[in-house]
Amino acid sequence: MKDKRILYVSSEVVPYLPENDISSTAFEAPKLINASGGQTRIFMPRFGNINERRHQLHEVIRLSGMNLVINDLDMPLIIKVASIPKERMQVYFIDNEDYFKRKATFSDEDGELFDDNDERAIFFAKGVIETVKKLNWSPDIIHVHGWMSSLLPMYLRHYYGNEPLFSDAKIVTSLYNQNFKGTLDEEMKKKVLFDGIEDDAVAHLDSPTHDNLLKVAIDNSDGLVIGSENISEELRSYIENSELPILPYVKREEMANAYQTYYLKDILNEEED
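Per our numbering, the very first residue in the sequence shown carries number 28; after that it's consecutive.
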């Protein structure tokens with residue numbers, strides 16, 4: 028993986044949020060790529076339950092300051108950054124006072140999904156892409172983890188499709204069993220269509236369930252990774268009909284070889300060194 032650039036976009040990353048399949052993989056995978064000579068950038072939302080002082084987050088003024096239009100509203104984009112101790116890995120945090128200040132991730136204290144989770148996902152996807160543009164960092168692979176990252180592949184293909192920085196980037200989506208019940212806001216599709224996205228690209232958002240969000244990501248990906256031992260039968264059936272290269276679930280101790288081989292041979296069509 029020497030000199031390959033991989034952008035990791037995840038809803039959760041350890042040590043900033045508790046350990047689970049998503050947060051652990053979004054830490055371990057870039058760590059392995061760094062060790063093999065690759066270059067990585069990691070992006071996640073700056074949820075309000077992340078301790079900024081303990082993790083030494085600080086705002087990057089030169090990257091902050093732009094507004095993103097979400098459903099006809101200008102929403103300020105704030106970029107923060109931190110370094111994972113001992114790993115020489117930087118994590119960029121997408122922040123906005125309205126969307127991410129609350130002291131929780133996806134649900135309130137009663138377990139109810141936040142009403143604006145759909146807009147938070149749109150903001151996160153567009154915020155990551157705009158920030159990478161400002162960094163002028165052209166990735167070879169973009170690997171997304173978690174449903175809050177699931178709109179990024181679609182936005183790359185259909186909203187930023189003419190952006191030279193991403194013209195050669197391959198998109199990989201990991202699928203996990205960490206889902207939510209019910210649906211996000213029923214107006215989610217309408218909010219995405221406001222950005223000029225074609226209706227066909229987001230037909231699954233007629234009902235914005237967890238699995239339908241992931242189907243939107245799958246439709247715009249070049250490869251898929253099974254990130255949990257078990258995923259829903261609905262998703263499993265969908266990916267089996269996708270004809271995309273699939274990396275089956277692997278345990279953590281097997282990730283290094285499996286991911287490197289998959290990235291190089293199946294996604295970049297190169298031979299391993």
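Built from N, CA and C at the ideal position, the CB exists for glycine as well. Please read these numbers as outputs of a predicted model, since none were measured by experiment.
When you compare each of the options to residue i by their alpha carbons, which one comes out closest?
i: residue 174; options: 203, 131, 157, 197; result: 203
i: residue 48; options: 29, 79, 172; result: 172
i: residue 96; options: 75, 176, 164, 218; result: 218
i: residue 280; options: 29, 33, 37, 52; result: 52
i: residue 214; options: 228, 181, 235; result: 235
i: residue 170; options: 114, 295, 44; result: 295
i: residue 239; options: 178, 105, 284; result: 178
i: residue 31; options: 205, 231, 136, 195; result: 195
i: residue 222; options: 182, 283, 207, 107; result: 182
i: residue 115; options: 50, 69, 291, 187; result: 69
i: residue 81; options: 43, 50, 64, 61; result: 43
i: residue 158; options: 192, 241, 61; result: 192
i: residue 199; options: 242, 256, 276, 248; result: 248
i: residue 160; options: 106, 50, 111; result: 106
i: residue 323; options: 262, 264, 243; result: Residue 323 falls outside the range modelled here, since the chain spans only 28 to 300, and no answer is possible.
i: residue 261; options: 241, 278, 104, 142; result: 241
i: residue 85; options: 99, 103, 119, 123; result: 119
i: residue 37; options: 205, 289, 284, 264; result: 205
i: residue 124; options: 142, 74, 138; result: 74
i: residue 103; options: 153, 136, 138, 83; result: 153
For residue i, which residues of its own chain have a beta-carbon under 6 Å away from its beta-carbon, when the five flanking residues on both sides are left out?
i: residue 72; result: 121, 127, 151
i: residue 34; result: 68, 166, 169
i: residue 156; result: 187
i: residue 289; result: 274
i: residue 211; result: 144, 145, 235
Measure the alpha-carbon distance for residue i versus residue j and round it to whole angstroms.
i: residue 117; j: residue 109; result: 6 Å
i: residue 41; j: residue 144; result: 21 Å
i: residue 266; j: residue 164; result: 30 Å
i: residue 207; j: residue 93; result: 31 Å
i: residue 101; j: residue 146; result: 12 Å
i: residue 225; j: residue 216; result: 10 Å
i: residue 29; j: residue 111; result: 21 Å
i: residue 229; j: residue 134; result: 24 Å
i: residue 79; j: residue 45; result: 15 Å
i: residue 98; j: residue 149; result: 9 Å
i: residue 130; j: residue 142; result: 15 Å
i: residue 258; j: residue 277; result: 14 Å
i: residue 227; j: residue 282; result: 35 Å
i: residue 298; j: residue 269; result: 24 Å
i: residue 320; j: residue 136; result: The question about residue 320 has no answer here: the residues shown for the chain are numbered 28 through 300.
i: residue 39; j: residue 256; result: 18 Å
i: residue 83; j: residue 176; result: 24 Å
i: residue 264; j: residue 162; result: 38 Å
i: residue 284; j: residue 190; result: 32 Å
i: residue 138; j: residue 291; result: 41 Å
Between residue i and residue j, how many whole angstroms is the CB-CB distance? I'm expecting something under 8 Å.
i: residue 274; j: residue 253; result: 7 Å
i: residue 132; j: residue 76; result: 7 Å
i: residue 63; j: residue 287; result: 6 Å
Among the residues of its own chain, which have a CB less than 8 Å from the CB of residue i, if the five just before and after it don't count?
i: residue 209; result: 140, 236
Starting from the C-beta of residue i, find all residues in its chain whose C-beta is less than 7 Å away, skip the five residues before and the five after it, and write them out in chain order.
i: residue 293; result: 250, 272
i: residue 232; result: 215, 216, 219, 239, 243
i: residue 180; result: 171, 198, 200, 244, 247, 248
i: residue 10; result: Since the first and last residues shown for the chain are 28 and 300, residue 10 lies out of range.
Using a Cβ-Cβ distance cut-off of 7 Å, determine whether residue i contacts chain D.
i: residue 152; result: No chain D is present in this structure, which holds just one protein chain.
Is the beta carbon of residue i within less than 6 Å of some heavy atom of the ligand PLP?
i: residue 169; result: Because no ligand of any kind appears in the structure shown, any question about the ligand PLP cannot be addressed here.
query = Can we say the stretch 51-62 touches the stretch 80-90, given the rule of at least three CB pairs closer than 8 Å?
reply = no
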